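Using my numbering, the letters of the sequence shown correspond one by one to residues 914 to 1606. Even glycine gets a Cβ: it sits at the ideal position worked out from N, Cα and C. Computed from a predicted model, the values in this text were never measured in an experiment.
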Amino acid sequence: MSQSAEQLLKQYYGFLSFKEGQQQIIDSIIGGRDTLGIMPTGGGKSVCYQIPALLLPGTTIIISPLISLMKDQVDALNKLGIPAAFINSSLDYFEVEERFFKARRGQYKLLYVAPERLESQRFLALLGSLNVSLVAVDEAHCVSHWGHDFRPSYLSIASMLQELNSRPVVAAFTATATPEVRQDIVGLLRLSDPDVYITGFDRPNLSFAIIRGENKRDYLQHYIQAHRRQAGIIYAATRKEVDNLCALLQKKGISAGRYHAGLSDQERMDNQEQFLYDDIQVMTATNAFGMGIDKSNVRYVVHYNMPKNIEAYYQEAGRAGRDGEPGECILLFSPQDIQIQRFFIEQSTVAPERQANEYHKLQIMIDYCYTSGCLRNYILNYFGEQTFGDCHRCSSCNDDRELADITVVAQKIFSCIIRMRENFGRIMVAEVLKGSKSKKVLQFGFDRLSTYGLLQEMTEKEIVDLINVLIAEGYLSLTEGQYPLLRLTGNAAPVLNGQANVFQKVQPRKQAVVVDDLLFERLRLLRKELSARENVPPYIIFSDSTLHEMARLCPTDKESLLSVKGVGAAKLEHYGALFLEAIRNYLQEHGQNIGIEEKKPATEPLLKEEDGQIEDAQLFERLRTLRKELSAQANVPPYVIFHDSTLHEMARLCPTDREPLLSIKGVGNARLEHYGAQFLKLIGDYLQANRPK
Ligand code: ADP
Ligand code: MG
């Protein structure tokens, strides 16, 4: 063996050390053993078959479920200087022939194929003429009925293996750890006495949060606006919801796209492409989006609805932070989500025992949404991992805010539900408590109930939200069906009797929000101008904390500006228009198009400290712009050129020649050759202009 796996990792990928499990899996494959690697999304499975492919003679065949994924991986490999190609339905007859010709001459180390190809006799004959030393099955859970993305053509893999001249080593990879799926992979792929490696499922750079009882739309808008220069995925349960959310975000000036099975192939492909290329910032999608989305700089994944089980959740949420930088995984829970998922299970035509299994998994998912324990531990324990101590970073662990005592309000709600004989849904109950004169309320004579108008001071929406909290906390439940009715649970009685109190936790929104310094600066300047003009001190106009909140929430209309602390009706009247204009202008210039270079004020560069090293945010932006240009030229997504984390490190270390550049994580020989000069020049020029000695 001329080179060791570790040398290749450095030389091609620019990584200094293996991630957990990679070395063992590679050794096992090189040692000629069938191997099953179970690693979480983002755990680094690709390297586990790509490095053996380089070390072994002949060609490695990779079975990969998605055309877009194949193209991405092949692009990335070619950029690393590794000869690879794919064969799938996007090619015509002659292109396939040509690739086979090259493959027979040993010109590819890796050949990616879609599983459907294996159903063609002709293709199998062609495969038989190659020297195949390794077959790698990516997303191997697709072979199992129990997995969530069953692909019938994966069943052809076993027969393909028999067509080959000599049986190659077979390696299978998945992020799904359930025993049923594991057994299916070993059995249906006919792995022979495989070595099985299960690496830890922990993703330490991800943080988890559950948001309950909040208005989801408001939350989402605030969240995205506070993260407006970052890429994120919003998962929703239905196509219709995706359409609505996408339209809503677009209307708010956020660059959002959508993805679901109801769109044409072309539209889906275009939208996915735009997202991968950082041309749109937010992807709203059903669970149809994602298998094999290798985009590494997804900074957050928000589930607008609860998904069907923990496996699906962890896989989808795991698409955040593949580059190892922080990622946020937020689940916006409301009780309707349960109804939606129950409905999906009811509608499905699977065998009864599988249906029961699905209900069981759903219940575990629901419990996750209600748990007050550490969320990370909950997930890891589900995957059979022992945990030691809480993560101190999830919304459960961090939920140390003061609890508001809402016993009296809860009593009013419970007693109203009882008086309405537990025969109505949330809206009606809220209307009665509000004291509404709606036709239905009057028709039932509810205006004569003693609870009528008891919560007059609240809005109907606030009452409904509070009812949702009480459901989430287990005091109320909803019946099944299209029009769920409110029922009291056993927990409500002691509250009504005055034996127990009810507290409301205010979910931490703080951590989800980043103050935008540039916008704050701009608002401060505006305040200064006004203060000079009116000859009053700036804080009389708005306090710093008000400006900070504006910079965080980015209100663009009067109503949302009014909800900022410190903005009352009078100030809204006086200053509202000017501040709104400033915010809107700012958003237009900066926000939504994350590929666009920031026009920063000509003040000193913004510096951010991390691990004692100072990162220059302005330099980072420049690097990002250069990457974007190169990505457009080369027609590959930006992260194929360099990951965000690599650019961050460049902005911190400011290398000015090849040697230190090569020492940065993610810079290997091929990338250095390809892009090194341009990035070095940029950094050099930047340093000269900004930091004269
Ligand atoms: P998976 O297929 O398991 O979801 P990938 O193979 O796509 O994960 O890898 C996830 C990310 O981790 C990629 O950005 C990849 O470049 C990076 N990565 C893989 N191996 C290493 C390593 N040894 N050191 C640092 N980063 C790595
Ligand atoms: Mg993968």
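Could you tell me the boundaries of the alpha helix (DSSP H) in which residue i lies?
i: Phe-1114; result: Neither: Phe-1114 is in no alpha helix (DSSP H) and is coded neither H nor E.
i: Tyr-1213; result: Per DSSP, Tyr-1213 belongs to no alpha helix (DSSP H); it is in the beta strand (DSSP E), 1211 to 1216.
i: Val-1155; result: 1152 to 1164
i: Arg-1267; result: 1265 to 1283
i: Tyr-925; result: Run containing Tyr-925: none; DSSP gives neither H nor E here.
i: Pro-1451; result: 1451 to 1454
i: Glu-933; result: No alpha helix (DSSP H) contains Glu-933, which DSSP labels as neither H nor E.
i: Val-1099; result: 1092 to 1101
i: Pro-965; result: 958 to 968
i: Leu-1288; result: 1288 to 1295
i: Pro-1407; result: 1405 to 1409
i: Lys-1129; result: 1129 to 1139
i: Lys-1352; result: 1352 to 1356
i: Gly-1041; result: 1034 to 1041
Return the Cβ separation of residue i and residue j in integer angstroms, given the expectation that the two are a contact with Cβ distance under 8 angstroms.
i: Val-1214; j: Glu-1229; result: 6 angstroms
i: Ala-1198; j: Tyr-1172; result: 4 angstroms
i: Met-1219; j: Phe-1246; result: 5 angstroms
i: Ser-1066; j: Leu-1031; result: 7 angstroms
i: Ala-1343; j: Glu-1373; result: 5 angstroms
i: Pro-970; j: Ser-1046; result: 6 angstroms
i: Arg-1103; j: Ala-1071; result: 5 angstroms
i: Glu-894; j: Ala-1122; result: A question about residue 894 goes unanswered here, because the residues of the chain that appear run from 914 up to 1606.
i: Leu-1383; j: Ile-1326; result: 7 angstroms
Just to confirm, are residue i and residue j a CB contact at a threshold of 8 angstroms?
i: Tyr-1217; j: Ala-1149; result: yes
i: Leu-949; j: Ala-1160; result: no
i: Ser-1002; j: Ala-1027; result: yes
i: Thr-1320; j: Asn-1404; result: no
i: Gly-994; j: Tyr-926; result: no
i: Pro-1568; j: Leu-1574; result: yes
i: Arg-1235; j: Ser-1209; result: yes
i: Phe-1492; j: Leu-1474; result: yes
i: Leu-1275; j: Gln-1254; result: yes
i: Val-1195; j: Ala-1169; result: yes
i: Leu-1068; j: Val-1050; result: no
i: Leu-1040; j: Glu-1076; result: yes
i: Leu-1409; j: Leu-1399; result: no
i: Ile-964; j: Ala-918; result: yes
i: Arg-1565; j: Ile-1596; result: no
i: Ile-1279; j: Arg-1339; result: no
i: Thr-954; j: Leu-1024; result: no
i: Val-1477; j: Asp-988; result: no
i: Ile-1500; j: Thr-1459; result: The residue asked about is misnamed: residue 1500 is Leu in this sequence, not Ile. No, these two residues do not count as a Cβ contact at 8 angstroms.
i: His-1587; j: Lys-992; result: yes
i: Lys-984; j: Phe-1007; result: no
i: Leu-1368; j: Val-1322; result: yes
i: Cys-1307; j: Ser-1120; result: yes
i: Phe-1359; j: Val-1377; result: no
i: Ile-1496; j: Leu-1432; result: yes
i: Ser-1042; j: Arg-1017; result: yes
i: Phe-1416; j: Asp-1312; result: no
i: Gly-956; j: Lys-932; result: yes
i: Val-1082; j: Gly-1175; result: no
What first and last residue would you give for the beta strand (DSSP E) that runs through residue i?
i: Leu-949; result: 948 to 951
i: Ser-1444; result: First-last for Ser-1444: 1430 to 1447, but that is the alpha helix (DSSP H), not the beta strand (DSSP E).
i: Arg-1400; result: 1399 to 1401
i: Val-1009; result: Per DSSP, Val-1009 belongs to no beta strand (DSSP E); it is in the alpha helix (DSSP H), 1006 to 1017.
i: Val-1048; result: 1045 to 1050
i: Ala-1144; result: 1144 to 1148
For residue i, write down the residues that DSSP places opposite it in a beta bridge.
i: Ala-998; result: Leu-1024
i: Cys-1242; result: Phe-1121, Val-1214
i: Thr-1087; result: Ile-951
i: Ser-1390; result: Arg-1400
i: Gln-1417; result: Ala-1317
i: Ile-975; result: Tyr-1025, Ala-1049
i: Ala-1169; result: Val-1195
i: Val-1382; result: According to DSSP, Val-1382 bridges with nothing at all.
i: Tyr-1110; result: Gly-950
i: Val-1477; result: According to DSSP, which records beta bridges pairwise, Val-1477 is partnered with nothing at all.
i: Val-1377; result: In the DSSP output, where bridge partners are listed per residue, Val-1377 has none listed.
Against chain D, with Cβ distances strictly below 8 angstroms, would residue i count as a contact?
i: Asp-1156; result: No chain D appears in the structure shown, which is made up of a single protein chain.
For the segment 1172 to 1232, list the alpha helix (DSSP H) runs that are entirely contained and at least 4 residues long, ordered along the chain. 1178 to 1189, 1223 to 1230
Hey, which unbroken runs of the alpha helix (DSSP H) at 4 residues or more fall wholly within the segment 1552 to 1595? 1557 to 1566, 1571 to 1575
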